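See structure below.
Residue numbers (the working numbering): 2 to 174.
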């Protein structure tokens with residue numbers, strides 16, 4: 002399968018980094034937590050559910066704001082070209098719920114949200130996913146999987162549900 006052969010090296014590299022990185026305490030302590038913002042940049046692998054669109058690479062950026070250690074919001078803009086003749090763009094607002102591990106710098110999270118899908122026309126979308134925030138490296142990283150449902154008002158070659166796998170870095174402030 003083509004996806005497995007392309008995704009396996011990325012997973013293997015991430016596992017090696019995690020396995021050989023020195024163990025350190027997470028950047029945040031539950032007693033001293035303050036509101037926090039992130040500016041994120043990411044690469045994205047797009048997996049369309051429609052046969053008219055090709056799997057493709059893309060990217061994007063997002064801005065997150067966490068009200069407390071667990072609950073936050075995220076505005077994201079992402080772009081990919083699945084060979085349909087139009088650039089696929091998504092603009093979303095998500096609610097994030099994360100579960101930081103006290104020791105180790107890892108924080109699994111789930112997200113749910115909605116927004117706009119733009120190709121030849123525009124549609125509403127809803128999405129949900131899960132990911133992992135990695136904070137024991139000098140530059141925080143994240144990886145997540147998101148399933149997106151579109152409203153389906155456009156032609157199948159221009160829209161349809163799709164999945165994304167994102168891998169990126171965070172600037173925390």
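C-beta atoms are modelled at their ideal positions from N, C-alpha and C, and glycine is treated no differently. Since the model is a prediction, treat every value here as computed from it, not as a measurement.
From the DSSP secondary-structure annotation, give me the bridge partner or partners of residue i.
i: residue 78; result: 62 and 92
i: residue 168; result: 44 and 144
i: residue 163; result: 49 and 149
By Cβ distance below 7 Å, which residues in the same chain neighbour residue i in space, the five residues on each side in sequence not counted?
i: residue 68; result: 36
i: residue 55; result: 83 and 84
If you drop the 5 nearest sequence neighbours on each side, which residues of the same chain put their C-beta closer than 8 Å to that of residue i?
i: residue 58; result: 44, 45, 46, 47 and 81
Does the Cβ of residue i have 16 or more other Cβ atoms within 10 Å, making it buried, or fewer, making it exposed?
i: residue 163; result: buried
i: residue 49; result: buried
i: residue 96; result: exposed
i: residue 143; result: buried
i: residue 122; result: exposed
Start and end of the beta strand (DSSP E) containing residue i?
i: residue 128; result: 123–135
i: residue 1; result: Coverage of the chain is limited to positions 2 through 174, which leaves residue 1 absent and any answer about it impossible.
Taking Cβ positions, are residue i and residue j nearer each other than 8 Å?
i: residue 118; j: residue 91; result: yes
i: residue 151; j: residue 124; result: yes
i: residue 132; j: residue 41; result: no
For residue i, collect the residues of the same chain with a Cβ closer than 6 Å to its Cβ; drop the 5 residues on either side in sequence, then sort them by chain order.
i: residue 38; result: 66 and 174
i: residue 166; result: 46 and 146
i: residue 140; result: 170
i: residue 100; result: 109
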